[in-house]
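In our numbering, the protein residues as written are 29 to 99. For each residue, glycine too, the CB sits at the ideal point set by N, CA and C. Presented below is the structure to which this report refers.
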């Protein structure tokens, strides 16, 4: 865990700020494709289809955050 965190800090010294952001609907679609068939819709395949980095796809798939009704 600590080594992974250190490698991310080395790769992103200013923090995570992706140049291309996806809408909530696109993120939901990305998650549903991966849940439907993880063997076919791997991280690199999804990154290419949605034109974002594999790191962004990895973070989206790992994230469980959902907006509240107030947001």
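By the beta-carbon neighbour count (other beta carbons within 10 angstroms, threshold 16), residue 64 is exposed. For the pair residue 52 and residue 89, the CB atoms are not nearer than the 8 Å cut-off.
Distance from the CA of residue 85 to the CA of residue 96, rounded to the nearest whole angstrom, comes to 22 Å.
Within a 10 Å sphere around the beta-carbon of residue 69 sit 16 or more other beta-carbons, which makes this residue buried. Taking the C-beta atoms as reference points, residue 50 is found no nearer than 8 Å to residue 61.
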